[in-house]
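Asks:
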Amino acid sequence: MADAVLLLIGACFVLPLLWLVLGSLDPAAGHGTKLPQQPALDNFAAVLTPELLFRPLVNSVLLSVGTGAVTLAAAVLAAYPLSRYRSRFNTPFLYGILFGTCLPVTAIMVPVYGLFVQLQLLDSLPATVLFLSATSLPMAIWMTRNFMDAVPLAVEEAAWVDGASRLAALRSIVLPLMGPGLGVVFIFVFIQAWGNFFVPFVLLLSEANQPAAVSIFSFFGQNGAVAYGQLAAFSILYSLPVLALYVIVARGSGNSLALSGAVRG
Amino acid sequence: MPAPHHGRQFARYLPVLPAVVLLAVFLAGPVLWAFQASLTNAGLTGRHARNPEWVGLENYQRLLQDPVFPLSLALTVLFVGGSAILGQNVLGLALAVLMRRARPAVSAAVGTAVVSAWVLPEIVAAFAAYAFFSNDGTLNQLLGGVGLAEVDWLYAMPMLALILANVWRGTAFSMLVYRAALGGVPAELTEAAHMDGAGAWQRLVFITLPVIRGSIATNLMLITLQTLAVFTLIWVMTAGGPANGSSTLPVMAYQEAFKFGDIGYGTAVASVLILIGAVFGAAYLRLLREQKP
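Sequences listed follow chains A and B, in order. Everything in the first sequence is counted per our numbering, starting at 2 for the first residue and increasing by one. Everything in the second sequence is counted per our numbering, starting at -6 for the first residue and increasing by one.
1) Take the Cβ of tryptophan 47 of chain B as the centre, count every other Cβ of all protein chains shown within 10 Å, and call the residue buried at 16 or more, exposed below.
2) Flag proline 82 of chain A as yes if its beta-carbon sits less than 8 Å from any beta-carbon of chain B, otherwise no.
3) If we define contact as Cβ-Cβ less than 8 Å, is valine 113 of chain A a contact residue for chain B?
4) Can you name, in chain order, every residue of its own chain whose Cβ lies under 6 Å from the Cβ of glycine 140 of chain B, other than the five neighbours on each side?
5) How big is the Cα-Cα spacing for threonine 107 of chain A and leucine 66 of chain B?
6) At a Cβ threshold of 8 Å, is proline 11 of chain B touching chain A?
7) Spatial neighbours of tyrosine 211 of chain A within its chain, please: C-beta separation below 8 Å, excluding the five flanking residues on both sides.
8) Any idea which residues DSSP pairs tryptophan 47 of chain B with across the strands?
9) Taking only beta-carbon atoms, is alanine -4 of chain B less than 8 Å away from chain A?
10) Decide if the segment 174 to 192 of chain A is in contact with the segment 141 to 149 of chain A; the criterion is three or more beta carbon pairs, one per stretch, under 8 Å apart.
11) Shorter than 8 Å from the beta carbon of arginine 1 of chain B to some beta carbon of chain A?
12) Determine, for glutamine 134 of chain B, whether the minimum Cβ-Cβ distance to residues of chain A falls below 8 Å.
13) If you measure from the beta carbon of tyrosine 6 of chain B to each beta carbon in chain A, is any gap under 8 Å?
14) What are the boundary residues of the alpha helix (DSSP H) that leucine 54 of chain A is part of?
15) Which residues in the same chain as alanine 100 of chain B place their Cβ atom closer than 7 Å to its Cβ, once the five residues preceding and following it in sequence are excluded?
16) Considering only the beta carbon of each residue, do threonine 72 of chain A and leucine 138 of chain A sit closer than 8 Å?
17) Could you tell me if glycine 36 of chain B is buried or exposed, where buried requires 16 or more neighbouring beta carbons within 10 angstroms of its beta carbon?
18) For a cutoff of 8 Å on Cβ pairs, would you count threonine 136 of chain A as touching chain B?
19) Would you grab the beta carbon distance between threonine 145 of chain A and alanine 76 of chain A for me? Rounded to a whole angstrom, and I think it's under 8 Å.
20) Output the residue ranges of the alpha helix (DSSP H) runs that lie fully inside the segment 12 to 68 of chain A and measure 4 residues or longer, sorted by chain position.
21) Would you say leucine 215 of chain B and alanine 89 of chain B are within 8 Å of each other, going by their C-beta atoms?
22) Would you tell me roughly how many angstroms separate the C-alpha atoms of aspartate 145 of chain B and asparagine 237 of chain B, rounded to the nearest one?
23) How about the segment 243 to 263 of chain B and the segment 88 to 104 of chain A: do they share at least three Cβ pairs that are nearer than 8 Å?
24) Counting C-beta neighbours from all protein chains within 10 Å, is the total for serine 257 of chain A 16 or more, i.e. buried, or is it exposed?
25) For chain A, is any of its Cβ atoms less than 8 Å away from the one on arginine 96 of chain B?
26) CA-CA distance, arginine 96 of chain B and proline 179 of chain B?
27) Between serine 65 of chain B and chain A, is there a C-beta pair that is closer than 8 Å?
28) Taking the alpha-carbon positions, what's the phenylalanine 224 of chain B to alanine 3 of chain A distance?
29) Less than 8 Å between the CB atoms is what I'm expecting for tyrosine 258 of chain B and arginine 5 of chain B, so what's the real figure, rounded?
30) Looking only at C-alpha atoms, which of B:Gly137, B:Ser239, B:Ala42 and B:Ala185 sits nearest to phenylalanine 62 of chain B?
31) So isoleucine 98 of chain A is in the alpha helix (DSSP H); what residue range does that whole segment cover?
32) Whole angstroms are fine: how far does the CA of asparagine 34 of chain B sit from the CA of phenylalanine 253 of chain B?
33) Among B:Gly80, B:Val204, B:Pro203 and B:Asn52, which one has its Cα closest to the Cα of valine 262 of chain B?
34) Do you know how far the Cα of threonine 201 of chain B is from the Cα of tyrosine 171 of chain B?
35) With a threshold of 8 Å, are at least 3 pairs of Cβ atoms found where one atom belongs to the segment 73 to 84 of chain B and the other to the segment 156 to 166 of chain A?
36) Step through the CB atoms of chain B and report whether any lies within less than 8 Å of the CB of alanine 234 of chain A.
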């Protein structure tokens, strides 16, 4: 009984995805789901061009890796005092951070656009990286501090006795010990940045700077009223890195709750 | 000696600085800027783009008279209530309960399907949902297959299509939260109730749900905040149409600012949304504090 109900619900979840897979293999794909009469890789061949796929993907990589690196560096630095020192400052700061995770980012995009106009930062990849980093920082600090709390202070103290400075101990002892945790944080931030549509849609105006999420929307939204197969093929190629990273995290931590679980602290 | 102590304290917390600067410039800054800009007639182009004039509460007065605003507010409540609080929450709990009874292989396969819709980039999920609900899409194929009348979902019932799409997209989060929560319910509790003759529903309602009420509250708060901010799904599927029939607050703010070029009015709408988010955020923090005394 439970099996049957579950399978029925699961089928409902698979149906919309099925269109993506079947459509990508069908050069004559429409909106409907049907088995391709002549399955072919034509759609993939059609989108594998520099301006359509490679440049947007390179921009996506720049945005996501940049955001991951900036976020991780700032989060590790901020997490260290929060994890290692006792102070009246910690609790309000952490609650402030948690409050920041609650902010609806879509709500601040109009003001951020205004801010970027005044600071003349529109259409700048580095500025967009900094903004994306700021939006993912609260969650990253929260997760990083939890992972750092799990590294016992005693390990670090042993290094101090041997004459290492705090910074040296952090770099050579603490960070390697929290390697898997830092990996989770990086992947989490990377996935968010990779999949983000609204932020680059508002802040990056020229095609040369737009990541795949935006180029896919503008190309197919404007010209692709008939090229559904190509849309599906493009979507699959663009989604693959994220799916792969998710599998890595889910495998590595034993269950798929790693992301949301770590988030909830 | 307080002075050196403060100095040391300051030096210790110096590494927090880069994060604080980033958060101040790119998160706190825009929020404050929003409240200020919503009191001006800042425009997207033209002379009001360079030199916005102070107009006081004019934008908010306009908001109260604009028939689109109450509609947009109601649609936002409908969207959050229907897709998050009812849809994702209940379906997520149902999935988690069923998965504990089902065969492991079935449970794993269905879990993968549900999580896939959640992990996909939002623009891809939005395209897939658009194709599914479009006039000649999969849903109408299925309805036609069993002899039911086809419906042009995105025009005739845009909100229903959006709510179902967002349930499809976001249920995984609630499912994962409830799977973890149910795993933490002591087996002795439910077994004891079973011995006393309580049925499956009674055990769920009187034993399991009260035990996991903390997770339920946290989950409700988080999915409310996530759903409040949904833009891409709506923008791709209906773009707020037809005739504002699905323009929730994020879509309305975007349209006023970028389609009609009225940054001042758009930020006023955005400010309302920020305030709603802040209220839920504060409630969420209170909840967390109560859970961890």
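All C-beta atoms, glycine included, are put in the ideal place defined by N, C-alpha and C. All figures in this text were calculated on a predicted structure; none of them were measured in a lab.
Replies: So, from the data block:
1) exposed
2) yes
3) yes
4) none
5) 15 Å
6) yes
7) The question names tyrosine, but residue 211 of chain A is glutamine in the sequence shown. The residues are Pro57, Asn60, Pro201, Leu205 and Ser219.
8) B:Thr33
9) With a pLDDT of only 47 at alanine -4 of chain B, under 50, the local geometry of the prediction cannot be trusted, and the value read off the model is given with reservation. So no, alanine -4 of chain B is outside the interface.
10) yes
11) no
12) yes
13) yes
14) No alpha helix (DSSP H) holds leucine 54 of chain A; DSSP gives it neither H nor E.
15) Going by the sequence as given, residue 100 of chain B is serine instead of alanine. Met92.
16) yes
17) buried
18) yes
19) 4 Å
20) 43 to 48
21) no
22) 17 Å
23) no
24) Per-residue confidence for serine 257 of chain A stands at a pLDDT of 42, beneath the threshold of 50, marking its modelled position as unreliable; no derived number is given.
25) yes
26) 21 Å
27) no
28) 35 Å
29) Between arginine 5 of chain B and tyrosine 258 of chain B the Cβ distance is about 46 Å, and since that is not below 8 Å, they are no contact.
30) B:Ser239
31) 91 to 103
32) 13 Å
33) B:Asn52
34) 11 Å
35) no
36) no
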